[in-house]
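Working notes for the structure below.
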Amino acid sequence: MCDSTQVSQVLLNLIVNSAHAIKSQQRNSPGTITIKTWVTSESLFCSVTDDGPGIPEEVVNRVFEPFFTTRELGKGTGLGLSISYDIIVNKHKGSITALTLPEGGATFTFTIPLLGA
Ligand SMILES: Nc1ncnc2c1ncn2[C@@H]1O[C@H](COP(=O)(O)OP(=O)(O)OP(=O)(O)O)[C@@H](O)[C@H]1O
Ligand SMILES: [Mg+2]
1 MCDSTQVSQV LLNLIVNSAH AIKSQQRNSP GTITIKTWVT SESLFCSVTD
51 DGPGIPEEVV NRVFEPFFTT RELGKGTGLG LSISYDIIVN KHKGSITALT
101 LPEGGATFTF TIPLLGA
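Written out as C-alpha cells, the structure reads:
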C-alpha cells in the first residue's frame with residue numbers, strides 16, 4: 001500500500017535528476033536511464049540508474065539534505081531528494097539510498113515495506 005501520487009513524485013524526481021546528470025556531460029550520444037522494479041516477500045524495490053557522471057564521493061552523503069544542490073545558482077532548489085526521502089522514509093517507513101557506480105553513473109534505490117509484512 002502506498003500513496004501513489006507521492007511515490008510517482010519520487011520516481012519523477014529521480015528520473016529528472018538522472019536526465020540533468022546526463023545532460024551535464026554535454027556529450028553527443030544519448031544517455032541511458034534504467035528503471036527496475038522487484039519484490040521480495042517483505043518489500044518492494046525500485047531503482048533508477050543512469051550512466052551520467054555519478055555522485056562525487058564528498059557529496060554522496062549530503063544529497064538528501066534539504067537545499068543541497070550542485071546545480072547552477074537559480075536552477076535547482078535542492079529539495080527534490082529531501083522531499084523524496086521524507087515521502088519514502090517518514091511517510092512509507094521505507095528507505096532510499098544513493099550509490100555511485102564504479103563504471104560511472106549513479107543508482108538510487110527505494111524500498112517500501114509490503115502491507116502486513
Ligand atoms: N543521478 C544523479 N547523478 C549525479 N548527481 C546527482 C544525481 N541525482 C542527484 N544528484 C546530486 O544531488 C543533488 C541534490 O539533488 P536534488 O534532487 O535534491 O536537488 P536538485 O536536483 O539539485 O534540485 P531540484 O530537484 O530542487 O530541482 C544534485 O544537485 C546533484 O548534485
Ligand atoms: Mg532534483
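Each residue of the sequence shown is one higher than the one before, starting from 1 at the first, in this note's numbering.
Just so it is clear, CB atoms sit at the ideal spot from N, CA and C, and this is done for glycine as well.
Within the present structure, is the beta-carbon of Asn61 separated from the nearest heavy atom of ligand 1 by less than 8 Å? no
Measure the C-alpha to C-alpha separation of Thr69 and Leu114 and round it to an integer number of angstroms. 32 Å
Looking at C-alpha atoms only, which residue of Asn90, Ala106, Gly105 and Gly52 is the closest neighbour of Asp3? Asn90
Contact shell at 5 Å, judged by CB to any heavy atom of ligand 2, ordered along the chain: Asn17 and Gly80
Beta-carbon spacing of Ile35, Ala106 below 9 Å: no
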